[in-house]
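For the sequence shown, full-length UniProt numbering begins at 1 and goes up steadily by one. All C-beta atoms, glycine included, are put in the ideal place defined by N, C-alpha and C. Notes follow the structure.
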Amino acid sequence: MKFFIYKGEGATGQLQKVAEVTDTTTYTATNLKAKTTYRFAVSAHNGLRESEKSNIVTVATSGISAVSVTLTINSTSLEVGGIAKATVTINPSNQTDGAVAYTSSNQQVATIDQNGN
């Protein structure tokens, strides 16, 4: 199975497919701008069709230019009522005003708390 990674710039920027990954649940975005909000989503492709996009993860870089943002989700599939963990790592780690805000783009489908659960 492969996964399509979508990225949008700004709070409402349109999501564009930026990568395809196979057999992994980690993607690292590079060359990000300082003091910019980015939105990420993922879809799965089984060789025949693409799933709907995941809920959107929003990340804001700080005044120190981020070299990369890594999004990791600990599950490739989820049952109704199941729990998955999303983790975002922004590099460099010495940013002083960077922030990660976990939000669900559709709370009727999934919710996410401030710890990525």
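DSSP bridge partner residues for residue i (one or two, in chain order)
{"i": "G8", "result": "R39"}
{"i": "N91", "result": "S68"}
{"i": "K17", "result": "Y6"}
{"i": "I73", "result": "A86"}
{"i": "E50", "result": "H45"}
{"i": "D28", "result": "It should be pointed out that residue 28 corresponds to Thr in this sequence rather than to Asp. T28 pairs with T70."}
{"i": "V59", "result": "Y38, V100"}
{"i": "T111", "result": "According to DSSP, which records beta bridges pairwise, T111 is partnered with nothing at all."}
Residue environment, residue i, which counts as buried when at least 16 other CB atoms sit within 10 Å
{"i": "V18", "result": "exposed"}
{"i": "K7", "result": "buried"}
{"i": "V109", "result": "exposed"}
{"i": "R49", "result": "exposed"}
{"i": "V80", "result": "exposed"}
{"i": "S54", "result": "buried"}
{"i": "A41", "result": "buried"}
{"i": "I83", "result": "exposed"}
Inter-residue spacing [alpha-carbon to alpha-carbon] between residue i and residue j
{"i": "D113", "j": "V59", "result": "15 Å"}
{"i": "N115", "j": "K85", "result": "8 Å"}
{"i": "G10", "j": "V57", "result": "12 Å"}
{"i": "A44", "j": "E20", "result": "10 Å"}
{"i": "T12", "j": "N106", "result": "15 Å"}
{"i": "S62", "j": "A34", "result": "6 Å"}
{"i": "Y38", "j": "M1", "result": "26 Å"}
{"i": "L15", "j": "L71", "result": "16 Å"}
{"i": "N117", "j": "S93", "result": "22 Å"}
Near the ligand SAH: residue i beta-carbon under 8 Å from a heavy atom
{"i": "N55", "result": "The ligand SAH is absent from the structure shown, which contains no ligands of any kind."}
Stretch-stretch touch, CB-based, cutoff 8 Å, three pairs: the segment 74-89 with the segment 29-38
no
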